[in-house]
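Asks: Submitted below is the structure of interest, expressed as structure tokens.
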Amino acid sequence: MSRDQDMTRTDTADFEFAPPAPVAVSGTETQAQLIWRAFRRHKLAMVSLVVLGLLYFVALFAEVLAPNDPHEVNARYTYAPPQEFRLFDRDEDGGWAFRPHVLGYKVEVDQVALRRSFVPDPDKKIYIHLFPRTHETRMWGLFTIDRHLIGVDGRREVLFLMGSDRLGRDLLSRLIYGARITLSIGLAGIVISLLMGVIIGGVSGYYGGLVDNVIQRIIEFIRSIPPIPLWMGFAAALPRDWSALQNYFAITLILSLIGWTELARVVRSRFLSLKSEDYVSAARLDGAGDFRIIWRHMLPAFTSHIIATATLAIPGMILAETALSFLGLGLQSPVISWGVLLQEAQNLRALADAPWLLFPGAFIVVTILAMNFLGDGLRDAADPYGDTQ
Amino acid sequence: MEQPVLHVSDLSVGFSVRSHVTDVVHGVSFDLHKGETLCVVGESGSGKSVTARALMRICRPGRITGGQILLNGPEGTVDITALDDNDEAMRAIRGDRIGMVFQEPMSSLSPVHTIGAQITETILLHRNMTDAAARAEAIESLRRVQIPDPETAIDKYSFEFSGGMRQRAMIAMALACQPEILIADEPTTALDVTTQAEILRLLKRLQAELGMAVIFITHDMGVVAEIADRVAVMYHGRLVELGPARQVFHDPQAAYTRHLIGASSRFSIARDHDRGGTLPPAAPKPLLEVRELDLTFRKTTGFIRRRTKEFHALKQVSFTLHEGENLGIVGESGSGKTTLVRALVGLLNADAGSAMYRSKDGRSFDLLEPGALRGAGLNREIRMVFQDPFSSLNPRMTVEQIIAEPLILEGRLPRREIRDKAAYLLNRVGLPQAMLTRYPHAFSGGQRQRISIARSLAVDPRLIIADEATSALDGSIRSQILDLLFDLQTELGLSYIFVGHDLGVVRYFCDRIAVMHKGELVEIDRAARICQQPTRDYTRNLIAAVPGTDPDHRRLIAAE
Numbered sequence: 001m002s003r004d005q006d007m008t009r010t011d012t013a014d015f016e017f018a019p020p021a022p023v024a025v026s027g028t029e030t031q032a033q034l035i036w037r038a039f040r041r042h043k044l045a046m047v048s049l050v051v052l053g054l055l056y057f058v059a060l061f062a063e064v065l066a067p068n069d070p071h072e073v074n075a076r077y078t079y080a081p082p083q084e085f086r087l088f089d090r091d092e093d094g095g096w097a098f099r100p101h102v103l104g105y106k107v108e109v110d111q112v113a114l115r116r117s118f119v120p121d122p123d124k125k126i127y128i129h130l131f132p133r134t135h136e137t138r139m140w141g142l143f144t145i146d147r148h149l150i151g152v153d154g155r156r157e158v159l160f161l162m163g164s165d166r167l168g169r170d171l172l173s174r175l176i177y178g179a180r181i182t183l184s185i186g187l188a189g190i191v192i193s194l195l196m197g198v199i200i201g202g203v204s205g206y207y208g209g210l211v212d213n214v215i216q217r218i219i220e221f222i223r224s225i226p227p228i229p230l231w232m233g234f235a236a237a238l239p240r241d242w243s244a245l246q247n248y249f250a251i252t253l254i255l256s257l258i259g260w261t262e263l264a265r266v267v268r269s270r271f272l273s274l275k276s277e278d279y280v281s282a283a284r285l286d287g288a289g290d291f292r293i294i295w296r297h298m299l300p301a302f303t304s305h306i307i308a309t310a311t312l313a314i315p316g317m318i319l320a321e322t323a324l325s326f327l328g329l330g331l332q333s334p335v336i337s338w339g340v341l342l343q344e345a346q347n348l349r350a351l352a353d354a355p356w357l358l359f360p361g362a363f364i365v366v367t368i369l370a371m372n373f374l375g376d377g378l379r380d381a382a383d384p385y386g387d388t389q
Numbered sequence: 001m002e003q004p005v006l007h008v009s010d011l012s013v014g015f016s017v018r019s020h021v022t023d024v025v026h027g028v029s030f031d032l033h034k035g036e037t038l039c040v041v042g043e044s045g046s047g048k049s050v051t052a053r054a055l056m057r058i059c060r061p062g063r064i065t066g067g068q069i070l071l072n073g074p075e076g077t078v079d080i081t082a083l084d085d086n087d088e089a090m091r092a093i094r095g096d097r098i099g100m101v102f103q104e105p106m107s108s109l110s111p112v113h114t115i116g117a118q119i120t121e122t123i124l125l126h127r128n129m130t131d132a133a134a135r136a137e138a139i140e141s142l143r144r145v146q147i148p149d150p151e152t153a154i155d156k157y158s159f160e161f162s163g164g165m166r167q168r169a170m171i172a173m174a175l176a177c178q179p180e181i182l183i184a185d186e187p188t189t190a191l192d193v194t195t196q197a198e199i200l201r202l203l204k205r206l207q208a209e210l211g212m213a214v215i216f217i218t219h220d221m222g223v224v225a226e227i228a229d230r231v232a233v234m235y236h237g238r239l240v241e242l243g244p245a246r247q248v249f250h251d252p253q254a255a256y257t258r259h260l261i262g263a264s265s266r267f268s269i270a271r272d273h274d275r276g277g278t279l280p281p282a283a284p285k286p287l288l289e290v291r292e293l294d295l296t297f298r299k300t301t302g303f304i305r306r307r308t309k310e311f312h313a314l315k316q317v318s319f320t321l322h323e324g325e326n327l328g329i330v331g332e333s334g335s336g337k338t339t340l341v342r343a344l345v346g347l348l349n350a351d352a353g354s355a356m357y358r359s360k361d362g363r364s365f366d367l368l369e370p371g372a373l374r375g376a377g378l379n380r381e382i383r384m385v386f387q388d389p390f391s392s393l394n395p396r397m398t399v400e401q402i403i404a405e406p407l408i409l410e411g412r413l414p415r416r417e418i419r420d421k422a423a424y425l426l427n428r429v430g431l432p433q434a435m436l437t438r439y440p441h442a443f444s445g446g447q448r449q450r451i452s453i454a455r456s457l458a459v460d461p462r463l464i465i466a467d468e469a470t471s472a473l474d475g476s477i478r479s480q481i482l483d484l485l486f487d488l489q490t491e492l493g494l495s496y497i498f499v500g501h502d503l504g505v506v507r508y509f510c511d512r513i514a515v516m517h518k519g520e521l522v523e524i525d526r527a528a529r530i531c532q533q534p535t536r537d538y539t540r541n542l543i544a545a546v547p548g549t550d551p552d553h554r555r556l557i558a559a560e
């Protein structure tokens with residue numbers, strides 16, 4: 001058959017030397033598969049991926065995972081220190097049994113400074129149960145649940161695994177709810193930035209000329225404005241009577257207004273270099289329209305780069321939100337974000353008495369580092385010319 | 001017999017892939033004598049460059065896994081394999097006793113240092129002399145490579161030089177310390193034929209002057225025929241043949257050598273033959289008539305005071321292409337060949353002139369009108385094959401998607417038939433159907449070019465414009481691709497416009513040849529006539545610079 005004859009015509013098959021050993025790559029792997037394979041070798045990025053996955057999981061199921069109502073004020077326990085979490089308990093007959101519990105608080109008053117302080121009371125064991133019936137919460141604003149992952153019996157017992165704040169609210173629960181806002185504001189902000197960046201940067205790079213010139217000058221102008229005063233200006237301009245939700249969206253928008261410029265530049269430079277690729281010319285000669293050329297031929301060539309750049313840009317968003325909220329210009333109580341929580345740690349005296357108020361800071365650091373490692377890993381994996389050793 | 005300068009025995013070089021070491025050079029042995037030229041020839045990936053780099057211990061990340069390299073000199077013998085990569089003794093050898101010239105002079109010279117600074121650095125590293133003396137030495141070495149006005153040239157930067165001058169500077173640098181051995185790794189591949197001829201002559205002259213041994217790496221059998229005293233043929237990391245040039249060319253022992261020589265002799269410019277494929281029909285009808293095509297590139301700079309730089313890329317170009325004919329367009333780089341074909345397919349906008357194309361149904365269209373190709377569906381009749389097989393296929397699409405793209409855009413066939421047609425086309429260009437689901441990165445250069453051709457065939461073309469379509473390929477693969485194009489011509493009645501800088505290949509493939517020089521079409525005639533009786537000096541120079549195919553009949557280097 002003619003196919004067999006054709007086979008012999010491939011590049012090196014027509015003399016009697018042994019062909020080179022077949023390459024391990026069969027060549028049918030998609031780009032995504034190749035990137036994933038390179039990514040898996042990046043240990044730090046893999047760990048970061050798991051950490052971030054956990055964090056986002058927590059943020060998604062905040063209602064179930066948070067042991068307490070984050071808004072519940074408990075006047076008896078202001079600035080209560082974190083409780084020690086114990087897994088085992090001594091039985092009546094002296095043996096050890098698996099019974100997770102914490103110790104209740106005993107109030108001691110320092111006679112000299114007249115300062116109240118909480119010390120653990122070894123006699124007051126508060127047992128922790130899985131899915132007990134406690135306070136009622138609206139899950140995702142859709143339905144009401146009254147069971148949570150962990151909790152304690154009785155309304156008089158308290159569970160403060162990470163301590164409580166100035167109003168006696170449970171810091172752990174607030175952290176968990178705060179994760180939802182802080183982590184999603186980064187994502188939402190990046191989605192808006194990405195849309196603006198890809199469209200504006202794409203137009204700039206693809207059409208070039210005057211359009212490109214104007215867009216680039218605008219980007220330079222925006223980037224020359226110091227960001228914090230700009231955010232402050234925008235934030236101050238927000239109407240006071242807006243709801244928490246409206247505020248949230250407004251802040252995301254403000255953050256993306258600056259965030260898109262960097263992405264637009266990345267996209268533009270990629271477009272400029274891709275425009276001269278022969279396969280783009282070939283597609284044009286095939287009769288493909290602008291839209292198809294951009295969508296089918298150019299964008300796929302750097303989606304991986306965009307994802308990496310976007311991942312590296314999320315930390316900036318999160319930090320910006322935190323900074324704004326910390327300054328009291330971003331989100332306001334009763335909305336909970338990590339930045340809002342850190343606001344509590346502004347007061348030096350409060351900090352000296354309750355250093356656990358810095359927990360949100362630690363979470364921010366971990367999140368930002370993980371995002372950066374993940375972004376680095378993605379970028380390295382997406383770069384076919386990177387070091388493959 | 002005299003002791004060889006370099007004695008290589010059973011040399012193996014390996015690269016570590018993931019956890020194990022894979023050898024890419026297997027047990028290569030050869031001797032190199034004083035004053036001789038050893039040409040190492042083979043296709044890309046055959047291990048010729050790695051071998052040469054191993055001699056200088058710059059083959060990282062690869063490493064020598066076996067064998068011996070002995071460098072003999074007046075002070076005794078040094079075993080290069082026993083030294084460490086960065087050993088003081090090894091560094092003393094590099095640049096002083098073995099010099100090296102690389103393929104791409106632009107990237108091997110530093111753009112932020114003057115040429116002089118780079119040459120004096122080499123001299124100062126190896127010779128104990130003052131800066132002034134080293135500078136004088138550097139000027140001397142520039143004079144040796146015939147760079148005009150070396151006293152001024154020494155303070156210039158590499159980007160102020162042309163490609164040929166850069167390669168001369170590179171050679172001057174390699175020869176600054178008058179090494180015993182010069183390794184030249186494809187030093188002329190990136191250059192025009194005319195410049196290549198100059199560099200080859202220069203190397204030959206310097207070799208005689210300095211009495212050094214030269215290892216010349218190339219994939220071009222023509223160059224080998226011109227300069228080699230002895231030839232080493234490499235294939236898949238093995239030395240398959242080693243012998244005096246005459247013997248290798250006239251009585252090749254290895255099948256692969258025969259194959260290489262066969263492929264290159266087809267492109268001999270001296271051969272008195274008609275083109276390799278079928279003849280055009282007796283009464284040719286014009287398919288494309290280009291009249292006075294003019295194109296100027298404009299670049300506007302400055303924001304306040306706008307200044308426009310102009311470059312007149314095509315000046316009054318006129319020619320006619322007949323149906324079933326192969327027209328070759330040749331010229332040095334920058335002569336406007338690629339600009340011309342890009343203007344014809346509408347990738348560039350011409351300023352003036354016309355290009356009347358007679359379509360399948362007999363109507364006439366001016367291709368230079370904006371959007372003409374797409375508007376009348378002519379982009380199905382006129383197809384283009386690009387030079388670089390690595391950038392002309394979308395790396396994110398499977399072969400099937402690539403070949404089917406024009407069919408999908410045409411929107412005439414249902415999905416299933418498109419699939420079948422893609423499979424048929426892939427078979428037609430000599431690749432198995434099973435490869436449809438693969439991505440371009442799994443293919444070699446020649447296979448990619450086949451895929452490019454399949455894509456251009458998808459919509460029943462009449463005219464295929466091949467822009468240096470075989471220039472990036474090795475000799476033997478080049479002739480396979482040309483054969484494929486001939487076969488397709490016979491079967492489908494195609495016409496070709498074939499742009500190339502290699503006159504031998506164009507001579508072989510085309511009925512008529514158009515010669516371009518600085519944007520002008522200076523000469524157009526039957527291929528045989530252009531090659532045998534050129535009317536212009538420019539054409540004569542082009543032809544004179546084409547290497548021969550037989551060491552007994554050297555065209556560039558006068559036989560001793």
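Taken in sequence, the protein lines are chains A and B. With the first letter of the first sequence counted as 1, position 114 gets the number 114 in the UniProt record's numbering; the numbers rise by one all the way through. With the first letter of the second sequence counted as 1, position 36 gets the number 36 in the UniProt record's numbering; the numbers rise by one all the way through. Backbone N, C-alpha and C fix where the C-beta goes; we use that ideal spot for every residue, glycine too. Note that the coordinates shown come from a computational prediction; the quantities given were computed from them, not determined experimentally.
1. Given this structure, state the Cα-to-Cα distance separating residue 447(B) from residue 540(B), to the nearest angstrom.
2. Select from the segment 279-296 of chain A all residues with a C-beta closer than 9 Å to any C-beta belonging to chain B, and list them in chain order.
3. Output the distance between the C-alpha atoms of residue 160(B) and residue 321(A), rounded to the nearest integer angstrom.
4. Nearest chain B C-beta to residue 300(A) closer than 9 Å, yes or no?
5. Enumerate, from N- to C-terminal direction, the unbroken beta strand (DSSP E) stretches of 3 or more residues contained entirely within the segment 371-457 of chain B.
6. Mind listing which residues of the segment 331-353 of chain B have their C-beta closer than 7 Å to chain A's C-betas, in chain order?
7. Listing by chain order, which chain B residues have their CB less than 8 Å from the CB of residue 262(A)?
8. Could you check the C-alpha separation between residue 54(A) and residue 98(A) for me, to the nearest Å?
9. What are the complete alpha helix (DSSP H) segments, minimum 4 residues, inside the segment 95-181 of chain A?
10. Report all residues from its chain with a CB closer than 6 Å to the CB of residue 307(B); omit the five preceding and five following residues, and keep chain order.
11. Closest by CA to residue 116(A), which one among 105(A), 256(A), 197(A)?
12. Is the beta carbon of residue 109(B) sitting closer than 9 Å to the one on residue 56(B)?
13. So, under 8 Å CB-CB, residue 561(B) and residue 177(B) are touching, yes? Tell me the CB distance rounded to an integer number of Å.
14. Determine the DSSP secondary structure at residue 58(A), reduced to helix, strand or coil.
15. Considering only DSSP beta bridges, list what residue 256(A) is partnered with.
16. Which residues bound the alpha helix (DSSP H) around residue 51(B)?
17. Please confirm whether residue 221(B) has its beta-carbon closer than 9 Å to some beta-carbon of chain A.
18. Helix, strand or coil for residue 187(B)? Go by DSSP, reduced to three states.
19. Any beta carbon of chain D sitting closer than 9 Å to that of residue 104(B)?
20. Going along the chain, which residues of its own chain have a beta-carbon closer than 6 Å to the beta-carbon of residue 250(A), five neighbours each way excluded?
21. Which chain A residues are close to residue 461(B), counting only those with a beta carbon under 7 Å from its beta carbon?
22. Tell me the residue span of the alpha helix (DSSP H) that contains residue 356(B).
23. Can you tell me whether residue 48(B) is buried or exposed, with buried defined as 16 or more other CB within 10 angstroms of its CB?
24. Can a CB atom of chain A be found closer than 9 Å to the CB of residue 388(B)?
25. To the nearest angstrom, how far is the alpha carbon of residue 483(B) from that of residue 316(B)?
26. Is the number of C-beta pairs between the segment 96-105 of chain B and the segment 129-142 of chain B that are closer than 8 Å three or more?
27. Are the C-beta atoms of residue 439(B) and some chain A residue less than 9 Å apart?
28. Check whether chain A comes within 9 Å of residue 397(B), counting only Cβ atoms and requiring the distance to be less than that.
29. How far does the beta strand (DSSP E) with residue 299(B) in it extend, from its first residue to its last?
30. Could you name the residues of the same chain whose beta carbon sits closer than 7 Å to that of residue 261(B), not counting the 5 residues immediately before and after it, in chain order?
31. Please report the straight-line C-alpha distance between residue 500(B) and residue 333(B), rounded to a whole angstrom.
32. Would you grab the beta carbon distance between residue 306(A) and residue 267(A) for me? Rounded to a whole angstrom, and I think it's under 8 Å.
33. Quick check on the DSSP output: the alpha helix (DSSP H) that includes residue 487(B) runs from which residue to which?
Replies: The short version:
1. The residue labelled residue 447(B) in the question sits at position 447 within the second sequence. The residue labelled residue 540(B) in the question sits at position 540 within the second sequence. The straight-line gap from Cα to Cα measures roughly 35 Å.
2. 279, 280, 281, 282, 283, 284, 285, 286, 287, 288, 289, 292, 296
3. The residue you call residue 160(B) lines up with position 160 of the second sequence. The residue you call residue 321(A) lines up with position 321 of the first sequence. If you take the alpha carbons of residue 160(B) and residue 321(A), they lie about 51 Å apart.
4. As a working mapping, residue 300(A) is identified with position 300 in the first sequence. Output row for residue 300(A): interface = yes.
5. 382-385
6. 345, 347
7. On the first sequence, position 262 is the one that residue 262(A) refers to. Going along chain B, no residue has its Cβ under 8 Å from residue 262(A), so there is no contact; the nearest lies around 24 Å.
8. By one-based count along the first sequence, residue 54(A) stands at place 54. By one-based count along the first sequence, residue 98(A) stands at place 98. Their backbone Cα atoms lie some 26 Å apart in a straight line.
9. none
10. Mapped onto the second sequence, residue 307(B) falls at position 307. Contacts found: 301.
11. Translated into the one-based positions of the first sequence, residue 116(A) becomes position 116. Answer by Cα proximity: 105(A).
12. The residue labelled residue 109(B) in the question sits at position 109 within the second sequence. The residue labelled residue 56(B) in the question sits at position 56 within the second sequence. No, the pair does not count as a contact, with Cβ atoms beyond the cut-off.
13. In this structure chain B extends from 1 to 560, so residue 561(B) is not present and cannot be described.
14. On the first sequence, position 58 is the one that residue 58(A) refers to. Here residue 58(A) sits in helix by DSSP.
15. By one-based count along the first sequence, residue 256(A) stands at place 256. Residue 256(A) is not bridged to any residue.
16. Here residue 51(B) corresponds to residue number 51 of the second sequence, with the count starting at 1. Its alpha helix (DSSP H) spans residues 48-55.
17. Residue mapping note: residue 221(B) aligns to position 221 of the second sequence, counting from 1. With 9 Å as the cut-off, residue 221(B) does not count as an interface residue toward chain A.
18. As a position in the second sequence, residue 187(B) is number 187, starting the count at 1. If DSSP states are grouped into helix, strand and coil, residue 187(B) belongs with coil.
19. Included in the structure are the protein chains A and B, with no chain D among them.
20. Stepping through the first sequence from its first residue, residue 250(A) is reached at position 250. Here the set comprises 238.
21. Mapped onto the second sequence, residue 461(B) falls at position 461. Those do not exist, as residue 461(B) stays about 11 Å from chain A at its closest Cβ, beyond 7 Å.
22. As a working mapping, residue 356(B) is identified with position 356 in the second sequence. Unbroken run through residue 356(B) is the beta strand (DSSP E), 352-358; no alpha helix (DSSP H).
23. In the second sequence, counting from the first residue as 1, residue 48(B) sits at position 48. Buried, since its Cβ has 16 or more Cβ neighbours within 10 Å.
24. Within the second sequence, the letter at position 388 stands for residue 388(B). By this cut-off, residue 388(B) is an interface position.
25. On the second sequence, residue 483(B) is found 483 positions in, with the first residue counted as 1. On the second sequence, residue 316(B) is found 316 positions in, with the first residue counted as 1. The alpha-carbon atoms of residue 483(B) and residue 316(B) are separated by roughly 33 Å.
26. no
27. For the purposes of this step, residue 439(B) is taken as residue 439 along the second sequence, with counting starting at 1. Interface residue, yes.
28. Taking the second sequence and counting its residues from 1, the one referred to as residue 397(B) is at position 397. At least one chain A Cβ lies under 9 Å of residue 397(B).
29. Taking the first residue of the second sequence as 1, we reach residue 299(B) at position 299. From DSSP, the beta strand (DSSP E) with residue 299(B) extends over 286-301.
30. As a first step, residue 261(B) must be located in the second sequence, where it is residue number 261. These residues qualify, in order along the chain: 221, 249, 252.
31. Numbered from its first residue, the second sequence carries residue 500(B) at position 500. Numbered from its first residue, the second sequence carries residue 333(B) at position 333. Rounded to the nearest angstrom, the two C-alpha atoms are 10 Å apart.
32. Position 306 of the first sequence holds residue 306(A). Position 267 of the first sequence holds residue 267(A). Correct: roughly 7 Å between the Cβ atoms.
33. Mapped onto the second sequence, residue 487(B) falls at position 487. First-last of the alpha helix (DSSP H) with residue 487(B): 475-492.
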